[in-house]
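Notes follow the structure.
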Amino acid sequence: MRVSCLVAVGLLLGCGSVSTVYAANTEESSEGSPTARGDTETAMRPQSAPTEAPSANATAEPVKPDEPAPSVAASDHLVYPQVGRYLDANKKKLFANIDGGDREALTQFYAARMGAALWVDKSGYTPDAQSLMTTLRDADNWGLRSQDYKIPDLKAAADGGYSLDDLTDAETRLSLSALAYARDARGGRIINPPEQLSAYLDRKPQLIAPRTVIEALASATDKGAYLKSLQPQHKQFELLRQKLLALRSGGNGETVKIPDGANIAPGKSSPQIVLIRKALKVAPPPANADGKPVDESYFDDELARAVKAYKIEKGIEPATPTITTALRRSLNGGDGIIEAKLLANMEEWRWMPDDLGDFYVTVNIPDFKVRVVKNGEVVFDERIVTGSVNRQTPIFSDMMRTIVFQPRWNVPDSIKVKELLPGLRAGGDPLRRQGLVMERNGRRISATSINWYRSDIRNFHVYQPPSGGNALGVVKFLFPNAHAVYLHDTPSKGLFNESVRAFSHGCMRVRNPLQLAEVVLAQDKGWDKSAVNELVTKGPEENEIALDRPIPVHITYFTARAGDDGAIESFGDIYGHEKRITLALAGKWNQIDVTKEPKVTPDDIGFDEYADSRRRNDDDWFGMSDNDDRDRRKRGKKYDGGLNNFFQKVLGGL
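Counting from 1 along the sequence shown, just add 624 to a position and that's the residue number in the numbering used here.
If you want it as structure tokens, here you go:
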């Protein structure tokens, strides 16, 4: 019986007459007409194929409208629901909000397998479906929402069989839920962060084509395990997830409360020392050799080192080993980790590349740190200064290709227009006063010889030659990108002592850039410290060292990060990205302050082809005469030639 059924279905499929076996009622498919499920959907009305060919004189018994849809016979095993037809017939009702790519992928997938079901058979849901549904129900434990992945309630009829209508609906919806989960696991809930949240968040979800997902599911031995494998595999994601589970279960660990008191220096004893040890997770001193009890209230050297390291990490000044009010306040504040923060940071991990690299550089803006990671271990960790709130450091990934020693500082267009151009138009010479050089087509020119009301300053190359006061210091690290930012040295070291170090125009300054260069060049070329020092002391200006193997650079924005011990550190949301992500995940799109990355446009320059040239002949419009300077002074235009504020901004970070 089973074989004959399969042969019959195969012949019907081959002859293009499947619709006579299992098709939508044409009257019911039209909008507004009733269906077997009411007015909200178009049901697929299966008709039973006869087991024996009827005689020529036999008359078919019509199916009455009030009769239930035929169920799958007990002898059947495989089911061939017309998923593609069902999706198309209900695209304006049941599946109006379904992703078009998902609908197309499923239509093609089921057509390629001759309509054979993946999740249902004569007995209802298959074991594969049960595996899949377990993963869907567990979505909350992975930072998603299980309510977003509907699982159809498939119930047997009174005779124990299942309606083909119900089987088709279950098959279709379960496949759609699997694709939705796969997309969300890869970050698809926020499909375009640069446009939906902030242009500075230059990342995209790491999506997998729906056809690829459904085909992989079909071939996977464990369907649920495959779907779960689409979650980020990064260690940090998993540690954040474990913290989320702990928060939701109430097992967030013991909270240590340290009372107020006087400062305590190393070498002293105090009952508070026991609490400080517990808060900093410092073990008590080892047992005395003579068997005498250990004084756990004694402030020993190990605890002193831990106190100082904690102060440095948290930016508590002065960073001494003394226990102070500021230290107590910080320890009593808790870790600042709430569920919304964890979910926002987990979402960001869904946007990260699957493979960060065996050796890579990563910058995390909220904790103002640059790190080099080799085979999963941090081999370099240093403070940085990042972009200000108004000139943010963008979030993206690219490849470091060049290290430049004794670099020129090439003034970016934004600074040319915003900082230099006003002074030039006022009649001053900010370039000369600050040691800047202007070139056009490789030839040096005087900035005062140009009519800046009619010339575009962006077409001129302005740079600061290498020197002790060069804004880039002695080295810069280039990873060409659309945002024109990079890592570099700086002669201005004082701001590294600040706890919040957001002062630059977007680039990232490194406190110890030569050590970073040593780590990178040791990996790339096998050079030692002396080779790097020679490049600094004896190398030429603008000495570009091309890397043999480009190194991944990941600029990130994680306000929650797991330390080596698994403890989660919390950082401030300085740019507001965490808040934007949280609002998006809650569906509060209208409350998001979408930020744009500033770009220099002709409107910023404000050309006036007649200004400063009304008294000139056409052949000398670009010149600047003594009369023009006198006219400016008469009109009362003033210019601050010192530009202290300008270079304070510039040296504050590029």
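Note that the Cβ used here is the ideal one computed from N, Cα and C, for glycine as well.
Just so it is clear, the structure is predicted and the values come from calculations on it, not from any experiment.
Same chain only: Cβ atoms within 8 Å of residue i, ignoring 5 sequence neighbours per side
i, result
"D1197", "P990, T1183 and K1203"
"L711", "F719, I722, R727, L730, T731 and T796"
"P909", "V918, D919, E920, Y922, D924 and E926"
"G1000", "K859"
Identity of the residues DSSP links to residue i by a beta bridge
i, result
"H1129", "According to DSSP, which records beta bridges pairwise, H1129 is partnered with nothing at all."
"P1176", "M1023"
"L1111", "F1101 and M1132"
Local conformation of residue i per DSSP, three classes
i, result
"I975", "Sequence check: residue 975 is Trp here, not Ile. Coil, per DSSP."
"D1217", "coil"
"S893", "strand"
"N1014", "coil"
"I1205", "helix"
"R995", "strand"
"V880", "coil"
"G748", "strand"
"D1148", "helix"
"Y984", "strand"
"N1121", "helix"
"E1001", "strand"
"S1154", "helix"
"I989", "coil"
"N969", "helix"
"I1198", "coil"
"F1029", "strand"
"I1192", "strand"
Same chain, Cβ closer than 6 Å to residue i, five either side skipped, listed in chain order
i, result
"Y922", "S893"
"Q860", "A1186"
"L868", "L966"
"M757", "I775"
"T1279", "The first residue shown for the chain is 625 and the last is 1278, placing residue 1279 beyond what the model contains."
"P1090", "Q1030 and E1165"
"L871", "E963"
"R761", "S770"
"S643", "The predicted position of S643 is uncertain, since its pLDDT is 36 and thus under 50; no value can be drawn from it."
"T1206", "A964 and A968"
"I936", "A943"
"G981", "P1176"
"K1212", "none"
Test item: CB-CB of residue i and residue j under 8 Å
i, j, result
"G1092", "W975", "no"
"P829", "I838", "no"
"Y1199", "Y824", "yes"
"N928", "P942", "For the record, residue 928 in the displayed sequence is Ala; it is not Asn. No, Cβ-Cβ distance for A928 and P942 is not below 8 Å."
"R1015", "H1129", "yes"
"R1125", "T1010", "yes"
"A763", "Y805", "yes"
"V707", "T792", "yes"
"L1159", "F1029", "yes"
"I882", "A907", "no"
"A802", "L778", "no"
"T1026", "L1171", "yes"
"K905", "T759", "no"
"K1281", "F983", "Because residue 1281 is not part of the residues shown, which for the chain are 625 to 1278, the question remains open."
"Y704", "G739", "yes"
"M1062", "V1177", "no"
"H1201", "L821", "yes"
"W743", "D752", "yes"
"L854", "I832", "yes"
Same chain, Cβ closer than 7 Å to residue i, five either side skipped, listed in chain order
i, result
"R827", "P817, W975, I1019 and F1020"
"R995", "T986, V1002, F1004 and D1005"
"N1136", "E1006"
"A840", "Y850"
"D1053", "A1071 and T1072"
Any non-hydrogen atom of the ligand GTP closer than 7 Å to residue i Cβ
i, result
"Y749", "Of ligands this structure carries none, so the ligand GTP is not represented either."
Which ranges would you report for the beta strand (DSSP E) in the segment 1038-1098 if only whole runs of at least 3 residues count? 1061-1064 and 1085-1088
Hey, which unbroken runs of the alpha helix (DSSP H) at 4 residues or more fall wholly within the segment 907-961? 925-938 and 949-956
At what residue ranges does the segment 764-842 contain a whole run of the alpha helix (DSSP H), taking only runs of 4 or more? 788-809 and 817-820
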